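Worksheet for the structure shown next.
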Amino acid sequence: MANYKPDLSCQSKFIPIDFSSQILPGTFEYALSHIVDNKLDLTSFDKWYNNDKKGAAAYPPSVMLKIILLGYAHGLVSSRKIATACETNILFMSLSGDVQPHYTSVASFVARMSEQIAHLFTQVLMI
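Spelled out as C-alpha cells, the structure:
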C-alpha cells in the first residue's frame, strides 16, 4: 500500500508577521503611508476630539485615514468591509499597526470628517 504524507490543508498555522516589512517600497500602500505620515497636515482633525482629560483614547486620524483611503482604493466603501479587512487583510493590518476599529468607528469617522477626508484624498491623488 502506498504511503503518502498527510494532507494538512485544514490545519492552522501560526506565522509571526513583521508588519513593517509587508508594505513594500514602490507600492500604492507604501506611498499612501508615506504621504499620510509625512506630507499631509492632519491638525484639522484635533478640534473634533475633546478626550484629553476623560473618555477613551481615539484612533489616530492618520491610521483611520490610511485604512479608509486604502479601502476606497480597493473598492471597499462599506465601513463593515473596511473593518473586516483590518481583521483579515495583511495590508490593512500593516498600515494600521494591527488596529482593528469597529465598523461603527469607521462609519462615524467618515460621517464626521467627510469634508476633510475628501480634501485630503484629493491631495493624495495630486501627489
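Quick note: the sequence shown, position 33, residue 32 per numbering that gives the first Met the number 0, numbers continuous.
Just so you know, even glycine gets a beta-carbon here, dropped at the ideal spot from N, CA and C.
Note that the structure is a prediction, hence the values are computed from the model and not measured.
It is roughly 10 Å from the alpha-carbon of Pro100 to the alpha-carbon of Ile66.
Within a 10 Å sphere around the beta-carbon of Glu86 sit fewer than 16 other beta-carbons, which makes this residue exposed. Counted as a single uninterrupted DSSP element, the alpha helix (DSSP H) harbouring Met63 occupies residues Pro60 to Ala72. At a Cβ-Cβ threshold of 8 Å, Val105 and Ala82 count as neighbours.
Two segments are said to touch when three or more pairs of C-beta atoms, one from each, lie closer than 8 Å; by this definition the segment 105-121 touches the segment 52-70. Residue burial annotation: Leu94 is buried, with at least 16 other C-beta atoms found within 10 angstroms of its C-beta. Taking the Cβ atoms as the reference, Leu31 lies roughly 6 Å from Leu69, within the contact range of under 8 Å. Excluding its 5 nearest sequence neighbours in each direction, Val109 has C-beta neighbours in its own chain below 7 Å: Ile67, Ser78 and Ile116, listed in chain order. For the 8 Å CB-CB criterion, Gln122 and Leu7 do not form a contact. In the DSSP assignment, Leu31 falls within the unbroken alpha helix (DSSP H) covering Phe27 to Asn37.
Across the structure, Lys53 and Lys4 are spaced so that their CA atoms are roughly 58 Å apart.
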